[in-house]
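> One structure, as structure tokens, below. Some questions next.
In our numbering, the protein residues as written are 48 to 249.
In structure tokens form, the structure reads like this:
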């Protein structure tokens, strides 16, 4: 699923560079994903601060309907809760990405409101003793934000995102042994975050 999303994102970026209208740029992102892993009877929270590259590509002249995409990485601070015991673990590097449909409404000539829905994933991990647990969270993501045009080509944007997990893939690596991957049994979960960026309009 994650590999398919990456392929779609790369295809949109290539199309955006050669045809149509839209914007592309960089952003600072904050994500928080929380879910309960029933296999290990633990609740996990991953707080991620990172940087991403993304944008939107519109298919109509009014720039109302299009596709939104983003790829990024960041520092992930895991928190593991086992019963009443909460453990804050060392930060690790995590990755995330998203792709989906987007609708933009112009509030004023320079100011627009956008809303969207799509697929997103977050990869995060933590180490306990000599065992590393890596999770890839697949989710439906809802987004809303605003874009402000500083000029014909430069834009600022910011917004919020909320995610609802579709599934969680867990990879366990013990010492130098080969990693094992399976689907984690999750009871509940949610994700939310925000972003702020600068973009080039084409």
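All C-beta atoms, glycine included, are put in the ideal place defined by N, C-alpha and C.
By how many angstroms is the C-alpha of residue 110 removed from the C-alpha of residue 134?
Going from the Cα of residue 134 to the Cα of residue 110 covers about 47 Å.
> Quick one, which of 218, 76, 122, 211 has its alpha-carbon nearest residue 87's?
Of the listed residues, the one whose Cα sits closest to residue 87 is 218.
> Just reading off the beta strand (DSSP E) that residue 130 is part of, what are its end residues?
No beta strand (DSSP E) contains residue 130, which DSSP labels as neither H nor E.
> Find the nearest neighbour of residue 164 within the set 178, 192, 130, 82, judged by alpha-carbon distance.
Of the listed residues, the one whose Cα sits closest to residue 164 is 192.
> How big is the Cα-Cα spacing for residue 186 and residue 170?
So the alpha carbons of these two residues sit roughly 12 Å apart.
> Out of curiosity, what's the CA-to-CA distance linking residue 94 and residue 76?
The straight-line gap from Cα to Cα measures roughly 11 Å.
> Just verifying my parser: in three-state terms, what is the DSSP assignment at residue 87?
DSSP places residue 87 in coil when its eight states are reduced to three.
> Quick one: what does DSSP say residue 117 is sitting in, helix, strand or coil?
It is a strand residue.
> Taking the DSSP output, what are the residues bridged to residue 150?
The partner list for residue 150 (beta bridge, DSSP) reads 112, 162.
> Residues in its own chain within less than 6 Å of residue 124 by CB, not counting five upstream and five downstream?
Taken in chain order, the residues that qualify are 94, 138.
> Taking all protein chains shown into account, decide if residue 91 is buried (16 or more other Cβ within 10 angstroms of its Cβ) or exposed.
The residue is buried, with at least 16 neighbouring Cβ atoms inside 10 Å.
> Roughly how many angstroms separate the alpha carbons of residue 120 and residue 151, rounded to a whole number?
Using only the alpha carbons, I get a separation of about 26 Å.
> Mapping DSSP to helix, strand and coil, what is residue 155?
Of the three classes helix, strand and coil, the one that applies to residue 155 here is coil, per DSSP.
> By DSSP, does residue 247 sit in helix, in strand, or in coil?
Strand, per DSSP.
> Do residue 245 and residue 72 have their CB atoms nearer than 8 Å?
Yes; because the gap between Cβ atoms is below 8 Å, this pair is in contact.
> Buried or exposed for residue 222, going by 16 or more other Cβ atoms inside 10 Å?
Exposed.
> Which residues in the same chain as residue 181 place their Cβ atom closer than 6 Å to its Cβ, once the five residues preceding and following it in sequence are excluded?
The answer, listed in chain order, is 172, 218.
> Which residues mark the beginning and the end of the beta strand (DSSP E) in which residue 106 is found?
Per DSSP, residue 106 belongs to no beta strand (DSSP E) and is neither H nor E.
> Residues bridged to residue 178 by DSSP?
DSSP, once it has assigned bridges, lists 175, 221 as partnering residue 178.
> Can you list, in chain order, the residues of its chain whose CB lies under 8 Å from that of residue 235, leaving out five sequence neighbours each side?
If we look at residue 235 and ignore the five residues flanking it on each side, its Cβ neighbours are 82, 83.
> Under 8 Å, do residue 78 and residue 238 count as touching if we go by C-beta distance?
Going by C-beta atoms, residue 78 is nearer than 8 Å to residue 238.
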